[in-house]
Amino acid sequence: MFAGEVHVLLLGIDKAQRCHNSNLALTSRRTPLPRSGRAVNTQRRAPPRDAASKLQLQMETSNTSSKHVCFLVHGLQGAPGDLTYLAHALQQRGLLVHTVQCNWRRTTDGISSGGKRVAAEIEHVVADYRSRLQWISLVGFSLGGLYVRSALETLFDDTEGTTKVAGLEPHTLICIATPHLGVSSYGLLRYCPRWSHFLAGVFAGQTGRELFLLDEEQEPLLLRMAQHRAALRAMAAFSVRLLVANLSYDLMVNAGTSLVLPDERRYRVPVTTYEATCIHQAPHVRIWQLRPEAISASSRPETLQLKPDVAGASVLVSPFSSGARVLYLLRSFVYFCGAWLVILCTWDQKTKKKKKNVQHSGGSDREDIERRMASALNQVSWDRYAVEFDAPWIPAHNRIVAWSRNDFGAWLWRHGRPVVDHIATHVENCPSAQLVDADVDRSGTSNSPIDAEPQVS
């Protein structure tokens with residue numbers, strides 16, 4: 001009996017030893033655990049679906065036979081999902097839509113670098129389907145509008161006697177809340193001292209320095225972009241050209257820089273400042289169209305009045321209640337004090353070596369540079385739309401495009417959907433004729449201001 005128990009015990013020990021050895025073998029083939037105790041995935045994540053294949057999938061699954069493709073470009077620190085609502089609005093109108101992917105998490109290395117990536121992606125997407133496409137539209141939000149302008153320097157082609165953008169006929173160009181003239185002299189940022197502008201490079205890299213006109217070139221990149229002849233001719237080739245801006249509550253991009261009005265530097269611009277027509281009114285938002293004659297007129301509120309639209313509808317003169325104005329003043333005071341506190345706490349002694357003012361070619365100061373940029377960009381005619389939200393406690397920058405990267409954002413910025421729907425109507429209508437501006441002479445001998453004034457290429 002005792003011998004049998006010993007034999008059984010030995011068999012159990014032998015079995016346990018074999019199990020232990022097999023476990024060691026399995027463990028040796030597993031991925032080693034880091035100190036956190038979680039397994040490390042050594043397999044590479046599958047690459048995202050190719051951009052062109054996404055467009056092909058949209059062509060195959062949709063019932064539309066549209067030959068019109070629209071590219072959407074997000075802004076600084078943005079993602080393709082930011083413009084989801086705009087993409088859906090355009091798709092519902094039968095357009096083919098592609099949200100540019102190349103600049104996701106890559107928006108701080110400079111406007112020129114981002115523009116080249118956008119141009120390369122557009123060419124890649126269009127290349128395989130050029131025979132099925134005819135028109136192209138470009139929509140840029142915030143920094144995305146500058147990316148679009150930079151990409152046009154590469155995409156524009158008129159060597160074959162017809163003006164093309166990426167091999168297609170240009171239709172609509174829309175810049176939404178885009179800082180065409182930079183940001184340092186507009187809105188609340190104009191109250192920040194010059195020595196604090198180095199923070200733009202800290203938080204936004206080369207892109208931030210370019211937006212604050214601090215890049216080390218002889219002339220700022222934004223000035224060279226505004227005077228680039230090919231880019232100006234490319235913009236003039238679009239049949240529809242829109243500038244859309246927030247009149248107030250936009251902490252990022254002021255109405256003056258996004259509407260190319262160099263002398264409009266206020267954070268909150270009263271709609272009575274310009275001759276404007278209320279073309280759409282919805283809960284919490286109004287859309288105004290600025291008349292072209294108001295752009296060159298005086299900007300003093302007492303000299304200009306609102307006019308009714310063509311249909312004779314009345315226009316509301318008093319935008320919002322006095323209570324909202326009080327909240328705006330309190331909020332502005334808190335933001336102003338907070339901004340100064342952050343600047344004083346984060347000031348670096350190294351900025352003393354950059355004590356000199358930002359002056360570039362010919363001793364021109366910052367305001368002169370901004371006016372030169374505006375003068376060049378205004379050689380191309382624009383339709384200007386100003387958006388007015390009634391809630392000062394919700395920043396308007398993302399609201400204007402109904403920012404919808406996630407469910408919470410889609411709910412928070414939902415009041416911007418009427419603005420997006422209005423923007424989509426401009427891209428929807430596609431003419432049957434060739435979409436080329438008559439003022440642009442492809443031979444280069446036109447009397448157009450674009451060709452008459454020498455520009456920097």
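Counting in UniProt numbering, the sequence shown runs from 1 upward without gaps.
Glycine residues also receive a C-beta, built at the ideal position from the N, C-alpha and C atoms.
Specify the secondary structure class of residue 492 as computed by DSSP and reduced to three states.
Absent from the structure is residue 492, since the part of the chain shown begins at 1 and ends at 457.
Return the CA-CA distance between residue 183 and residue 201, expressed in angstroms with no decimal places.
Position 183 of the sequence shown holds residue 183. Position 201 of the sequence shown holds residue 201. Each residue's Cα considered, the two are about 13 Å apart.
With a CB to CB cut of under 7 Å and the five nearest residues on each side skipped, what residues in its chain are close to residue 209?
Here residue 209 refers to the residue found at position 209 of the sequence shown. Excluding positions up to five away in sequence, the list reads 200, 201, 215.
Cutoff 7 Å; reference residue 372; Cβ partners in own chain excluding five residues on either side:
Within the sequence shown, residue 372 is the residue found at index 372, counting from 1. Listed in chain order, the non-local C-beta contacts of residue 372 below 7 Å within the same chain comprise 223, local neighbours out to five positions each way being set aside.
Does residue 111 come out as helix, strand or coil in the three-state DSSP assignment?
Here residue 111 corresponds to residue number 111 of the sequence shown, with the count starting at 1. The three-state reading of DSSP puts residue 111 in helix, counting H, G and I together.
DSSP three-state assignment for residue 287, whether helix, strand or coil
Counting from one through the sequence shown, the residue named residue 287 turns up at place 287. Looking at residue 287 - three-state DSSP - the assignment turns out to be strand.
Determine the extent of the alpha helix (DSSP H) in which residue 135 is found, giving its start and end residues.
As a first step, residue 135 is located in the sequence shown; it is residue number 135 there, counting from the start. Premise fails: residue 135 lies in the beta strand (DSSP E), 135-141, not in any alpha helix (DSSP H).
Straight-line CA distance for residue 411 to residue 399?
Along the sequence shown, one-based indexing puts residue 411 at 411. Along the sequence shown, one-based indexing puts residue 399 at 399. Near 10 Å, if we compare the C-alpha coordinates of residue 399 and residue 411.
Determine whether the beta carbon atoms of residue 377 and residue 226 lie at a separation below 8 Å.
Walking along the sequence shown from the start, residue 377 turns up at place 377. Walking along the sequence shown from the start, residue 226 turns up at place 226. Yes; because the gap between Cβ atoms is below 8 Å, this pair is in contact.
Are residue 253 and residue 142 closer than 8 Å when you measure CB to CB?
Numbered from 1 along the sequence shown, position 253 holds the residue referred to as residue 253. Numbered from 1 along the sequence shown, position 142 holds the residue referred to as residue 142. In this structure, residue 142 lies closer than 8 Å to residue 253 by Cβ.
Cα-Cα, which of 388, 85, 278, 257 is closest to residue 185?
Position 185 of the sequence shown, counted from the first residue, corresponds to residue 185. Of the candidates 388, 85, 278, 257, the one whose C-alpha sits nearest the C-alpha of residue 185 is 257.
Reference residue 103, options 118, 163, 91, 274, closest by Cα
One-based indexing of the sequence shown puts residue 103 at position 103. Closest by C-alpha distance to residue 103, out of 118, 163, 91, 274, is 118.
Rounded to a whole number of angstroms, what is the C-alpha to C-alpha distance between residue 125 and residue 367?
Mapped onto the sequence shown, residue 125 falls at position 125. Mapped onto the sequence shown, residue 367 falls at position 367. Using only the alpha carbons, I get a separation of about 40 Å.
Between the CA atoms of residue 75 and residue 397 - distance to the nearest angstrom
Taking the first residue of the sequence shown as 1, we reach residue 397 at position 397. Taking the first residue of the sequence shown as 1, we reach residue 75 at position 75. The straight-line gap from Cα to Cα measures roughly 11 Å.
Specify the secondary structure class of residue 209 as computed by DSSP and reduced to three states.
Position 209 of the sequence shown, counted from the start, is the residue given in the question as residue 209. Looking at residue 209 - three-state DSSP - the assignment turns out to be helix.
Terminal residues of the continuous beta strand (DSSP E) containing residue 281?
As a working mapping, residue 281 is identified with position 281 in the sequence shown. Residue 281 -> beta strand (DSSP E) spans 276-282.
Sheet register partners of residue 170 (DSSP bridge)
Translated into positions along the sequence shown, residue 170 becomes position 170. Residue 170 pairs with 136.
Output the distance between the C-alpha atoms of residue 238 and residue 292, rounded to the nearest integer angstrom.
Residue 238 sits at position 238 when you count from the first residue of the sequence shown. Residue 292 sits at position 292 when you count from the first residue of the sequence shown. Approximately 18 Å, taken between the alpha carbons.
Return the first residue and the last residue of the beta strand (DSSP E) that residue 241 is part of.
Within the sequence shown, the letter at position 241 stands for residue 241. Under the DSSP assignment, residue 241 falls in the beta strand (DSSP E) whose first and last residues are 240-246.
According to DSSP, is residue 129 part of a helix, a strand, or is it coil?
Counting from 1 along the sequence shown, the entry for residue 129 is found at position 129. Residue 129: coil per DSSP, three-state reduction.
Cβ-based neighbour list, residue 190, same chain, cut-off 8 Å, excluding 5 preceding and 5 following
Walking along the sequence shown from the start, residue 190 turns up at place 190. Only 184, 265 meet the Cβ criterion.
Can you grab the Cα-Cα spacing for the pair residue 228 / residue 140, in whole Å?
Walking along the sequence shown from the start, residue 228 turns up at place 228. Walking along the sequence shown from the start, residue 140 turns up at place 140. Straight-line spacing of the CA atoms in residue 228 and residue 140 works out to 19 Å.
Check whether the stretch 90-103 touches the stretch 153-170, taking contact to mean three or more Cβ pairs, one atom from each stretch, closer than 8 Å.
Taking one beta carbon from each stretch, the stretch 90-103 and the stretch 153-170 have fewer than 3 pairs nearer than 8 Å; the two do not touch.
Looking only at its chain, what residues have a beta carbon closer than 6 Å to the beta carbon of residue 153, apart from the 5 residues adjacent to it on each side?
Walking along the sequence shown from the start, residue 153 turns up at place 153. Answer for residue 153: 228, 230, 231, listed in chain order.
Since residue 85 is in the beta strand (DSSP E), which residue starts that stretch and which ends it?
Locating residue 85 in the sequence shown gives position 85, counting from the first residue. DSSP places residue 85 outside any beta strand (DSSP E); the residue lies instead in the alpha helix (DSSP H), whose first and last residues are 84-92.
Chain-order list of residues whose beta-carbon lies under 6 Å from that of residue 79 (same chain, five-residue window excluded):
Walking along the sequence shown from the start, residue 79 turns up at place 79. Contacts found: 104, 405.
Give the straight-line distance between the Cα atoms of residue 426 and residue 387, rounded to the nearest whole angstrom.
In the sequence shown, counting from the first residue as 1, residue 426 sits at position 426. In the sequence shown, counting from the first residue as 1, residue 387 sits at position 387. Using only the alpha carbons, I get a separation of about 16 Å.
Rounded to whole angstroms, what's the CA-CA distance from residue 279 to residue 131? Just pull it up for me.
What you label residue 279 is simply residue 279 of the sequence shown in a count that begins at 1. What you label residue 131 is simply residue 131 of the sequence shown in a count that begins at 1. Going by the C-alpha atoms only, they are around 38 Å apart.
Can you give me the Cβ contacts of residue 135 inside the same chain, cut-off strictly under 8 Å, excluding the 5 residues immediately before and after it?
In the sequence shown, the residue the question calls residue 135 occupies position 135. The residues are 67, 68, 69, 168, 169, 170, 171, 430, 435.
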